[in-house]
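Q: Residue numbers (full-length UniProt numbering): 1 to 331.
Rendered as C-alpha cells:
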C-alpha cells in the first residue's frame, strides 16, 4: 500500500534535486514542494475514520442497552400491578366474609330492640357502601391492568418486529457489501474500497482509477469497474444509489473548459458516473448524482497524501427502510 507513495516521494526528491541543479524555475520548485506536502497528509485520515467507526459502534450499543432497560421496566410495572390486584382481591374476600358475618349477626339480633336494629342497619349500610366502592375500585384497577397488559404486549410485538427488521436490514447490507466486493475483486484496494458505515454500503473510488486530473471523462479502467458495479446492482430493487463527487481544496486551473470551480468539477464527475451506471442497466429512478466539491474531506490536512485521498467518488448504497419507518411512526 505504501510502496507507490514512497516511490513517488523518492521521485519528487530526485526530480527536485535534478531540477535545482539545472536552475529550475521557482514555479516548478513550488509545485514539487506542494506535491511533497500532499504526499505527507493522507496518513492521518485512517486514524480519524477508525475513531469515528468506534464512536458509531458505541452509540449503537448504547441504543440497544436503552431498549433492553425500557423493556425490563415495563415488565417490572406489570409485576407490580399484578401484586396490587392480588392484594385487592384478598381484601375483597375479607370484606365479603365480614359482610356474611354481619348478615348472620343481623338475623340473630332481629329480636333485640329497635335501637340496636337501627344501629346494625346503619352499620350494614356503611359496610355495603364501602364494599360497593371497593368493588368499583377493583373493577377500575382490573381494567387498567388489562389495558397495561395489552399495551405491554403490543410494545413487545413492535419491539420484536423492530429487532427482526433491523436484523434483516443488517443481513441485507452485509450481503450487498459482499456482492459488490465480489463484483469488484480485480481492482487495486488502494483505488477502490467497499465498506459499511451507518447501515449503508460505501463504494469509494479514487480519482486515479476514474479520471485524469481536472477531467470529467472516466478512463477505460474506471468504466469497467462502474459497469461491473451496475451489473451487481441491477436486481437490487430495494436499494437507493447516491453518487457523490469529491475534490481536494486546490482550485481548478483557470481557463478549464466548462468549469468555474470545484463545485462544477465534482457535479460533472458525479453526473458522468451516473450516466455510465444507467447506460449499463441501473434503473434511472433509484440513482441520484451530487457534487460535494471539497466540503467533505476525508483528511483535512494540507498534504499531498491527504489531498489525493480527498479526490474521490463515493457511491452510497442505501437499503429502503419503509417497513421500519412504518413501525416507528406507529410508536
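For every residue, glycine included, the Cβ atom is placed at its ideal position computed from N, Cα and C.
Less than 9 Å between the C-beta atoms of residue 246 and residue 310, yes or no?
A: For residue 246 and residue 310, yes; Cβs fall inside 9 Å.
Q: Going by C-alpha distance, which of 258, 189, 260 and 222 is nearest residue 277?
A: Residue 277 has its Cα closest to that of 222, out of 258, 189, 260 and 222.
Q: If I'm right that residue 274 touches residue 287 with Cβ under 8 Å, what's the distance once you round it to whole angstroms?
A: So it is a contact: roughly 6 Å between Cβ atoms.
Q: Among residues of its own chain, excluding the 5 on either side of residue 302, which ones have a beta-carbon nearer than 7 Å to its beta-carbon?
A: Excluding residues within five positions, the ones whose Cβ falls inside 7 Å are 37 and 41.
Q: Given 8 Å as the limit, is there contact between the region 88-108 and the region 129-140, that is, 3 or more CB pairs closer than that?
A: Contact holds: three or more Cβ-Cβ distances are below 8 Å.
Q: Assuming residue 184 is part of the beta strand (DSSP E), what are its boundary residues?
A: Unbroken run through residue 184: none, as it is neither H nor E.
Q: Measure the Cβ-Cβ separation of residue 319 and residue 262 and say whether it is below 9 Å.
A: Their beta carbons are not under 9 Å apart, which means residue 319 does not touch residue 262 by this criterion.
Q: If you measure between the beta carbons of residue 220 and residue 184, is that distance less than 9 Å?
A: No, the pair does not count as a contact, with Cβ atoms beyond the cut-off.
Q: Can you tell which of 312, 196, 139 and 162 has its C-alpha closest to the C-alpha of residue 298?
A: That would be 312, whose Cα lies nearest to the Cα of residue 298.
Q: How would you call residue 73, buried or exposed, if buried means at least 16 neighbouring beta carbons within 10 angstroms?
A: Exposed, because fewer than 16 other Cβ atoms sit within 10 Å of the Cβ of residue 73.
Q: Just grab the DSSP bridge partners of residue 245 for me.
A: In the DSSP output, where bridge partners are listed per residue, residue 245 has 291 and 313.
Q: Strictly by DSSP, which residues pair up with residue 304?
A: Residue 304 pairs with 38.
Q: Taking its Cβ as the centre, do 16 or more other Cβ atoms sit within 10 Å of residue 356, making it buried, or is it exposed?
A: Since the first residue of the chain shown is 1 and the last is 331, residue 356 is not available in this structure.
Q: Can you tell me which residues form a DSSP beta bridge with residue 318?
A: According to DSSP, which records beta bridges pairwise, residue 318 is partnered with 240.
Q: Using the rule of at least 16 other Cβ atoms within 10 Å of the residue's Cβ for burial, across every protein chain shown, is residue 57 buried or exposed?
A: Under this definition residue 57 is an exposed residue.
Q: Would you call the CB atoms of residue 265 and residue 293 closer than 9 Å?
A: Yes.
Q: How many Å lie between residue 153 and residue 76 at the Cα?
A: Approximately 14 Å, taken between the alpha carbons.
Q: Bridge partners for residue 193 per DSSP, in chain order?
A: In the DSSP output, where bridge partners are listed per residue, residue 193 has 204.
Q: Report all residues from its chain with a CB closer than 6 Å to the CB of residue 181; omit the five preceding and five following residues, and keep chain order.
A: 194.
Q: Using a threshold of 9 Å, state whether the C-beta atoms of residue 235 and residue 308 are closer than that.
A: Going by C-beta atoms, residue 235 is not nearer than 9 Å to residue 308.
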